[in-house]
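In my numbering, the protein residues as written are 36 to 440.
The beta carbon of each residue, even a glycine, is placed where N, CA and C say it ideally should be.
Computed from a predicted model, the values in this text were never measured in an experiment.
Down below is the structure, laid out as structure tokens.
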């Protein structure tokens, strides 16, 4: 036989043996007793995959290089981990391997895979590298996230000294549905919570959904104040309970605030007409008031005659007097009657066309009517006094005349 042909046949036999060995060795390694914890895996946390190696090859494999790999979105937060193993005997090996990796908080709920890729040599195949690719599937459950925000729809800020409605926005900024959402509000220093309802319950809040609840608040100071919110909610399957304590901030702007006092005319007789009633107006707020328009309104038996007044400006802490004219019905019953003073004004911190408004109550006393009978009685008494004085004077004059005689 030709020597050249013999060498060719020998080379083919060696190549065939190597290919055969490789095909037998490929996928000889698989994973056994695989566990993933926690189960399900929660986005934003970590997960651990634990397993043993099973060798289905008839002999041991050696110089094993085990590497974990995955794809987006888990790969962003996971380091590629490599483990070198000197030898894996046939069957299940007793050693457990643990791979811990991070799950990005933005990972949507769903099933994902991590591949454990192994390269190794088999006995008698030291020139050929074989490999196995071993996937592990697991479910990621994304965590819902409830965020609490307070907003002031109109006006754009809460004004000190006044009651005002603010919007409590309850939003799910996470990636899963929040179940049984409970929000309990507690006012912190600087703000008062006037709403009769301070607890809210939402059965389901889907990803990106916002529920708005109006609440009534007031504040006396300026700057910022906050309301504390205790938040509780569950995962979509109700298997996990989440909680947080959040602080929702409010912006409090300066505002004028008026107090009313009486100077004169606080007591008026029944039947009086065009009687001046003067009030003291004090700016007890935190901002100067400008272009103040005042309007007096009342109920029977008091009727305003000249019911409006104007003040150009009133600095903080300053007072001024304003006078209105009123009449009282002659049939009015004596007593204290409420009057209301409505204020409209502008402030330096307000928008150009923004109009502020408020109101204050005061009481005006209506006294008894001076009747005609009383005047007649008074007149008779005066006449009697005059007559008595005249008679006494006449008697005195006669006595003096007799003495001279």
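- Per DSSP, residue 201 is one residue of the beta strand (DSSP E) stretching across 198-207.
- With fewer than 16 other Cβ atoms from the protein chains shown falling within 10 Å of its own Cβ, residue 150 counts as exposed.
- One thing to note: residue 77 has its Cβ within 7 Å of the Cβ of residue 178.
- In this structure the region 343-356 does not lie against the region 302-312, because fewer than three pairs of beta carbons, one per stretch, are closer than 8 Å.
- Around residue 232, the same chain offers no residue with a beta carbon nearer than 6 Å, after the five sequence neighbours per side are excluded.
- For residue 240, the uninterrupted beta strand (DSSP E) run begins and ends at 234-240, by DSSP.
- Contact between the region 83-95 and the region 118-127 is established, with three or more Cβ pairs separated by less than 8 Å.
- Residue 136: member of the beta strand (DSSP E) spanning 132-137, first to last residue.
- In this structure, the CA atom of residue 292 is about 32 Å from the CA atom of residue 369.
- The beta carbon of residue 246 lies closer than 6 Å to those of 205 and 237 in the same chain, with the five residues before and after it left out.
- Considering only 186, 223, 227 and 155, the residue with the shortest C-alpha distance to residue 100 is 155.
- Beta-bridge annotation (DSSP): residue 101 is paired with 118 and 153.
- The C-beta distance from residue 351 to residue 323 rounds to 6 Å, short enough to meet the 8 Å contact threshold.
- If you draw a 10 Å sphere on the C-beta of residue 376, you find 16 or more other C-beta atoms in it, and that means buried.
- Per the coordinates, the alpha-carbon of residue 327 lies some 18 Å from the alpha-carbon of residue 195.
- Looking at the DSSP output, residue 95 shares a beta bridge with no other residue.
- Under the criterion of beta carbons closer than 8 Å, residue 312 and residue 363 do not qualify as touching, at roughly 10 Å.
- By the CB criterion at 7 Å, residue 339 and residue 331 fall inside the cutoff.
- Shown here for residue 259: same chain residues with a beta carbon closer than 8 Å to its own, the five before and five after excluded, namely 225, 284, 285, 286 and 287 in chain order.
- With a 10 Å radius around the Cβ and a threshold of 16 neighbouring Cβ atoms, residue 321 comes out buried.
- Between the alpha carbons of residue 243 and residue 317 lies a distance of about 49 Å.
- In this structure residue 298 is exposed. Its beta-carbon is surrounded by fewer than 16 other beta-carbon atoms within 10 angstroms.
- DSSP, reduced to helix, strand and coil, places residue 368 outside both helices and strands of the structure shown, so it counts as coil.
- Between the alpha carbons of residue 217 and residue 175 lies a gap of roughly 25 Å.
- Annotated three-state conformation of residue 78 is coil, per DSSP.
- Secondary structure at residue 351: coil, using DSSP grouped into helix, strand and coil.
- Counting of Cβ neighbours within 10 angstroms places residue 336 among the buried residues, the total reaching 16 or more.
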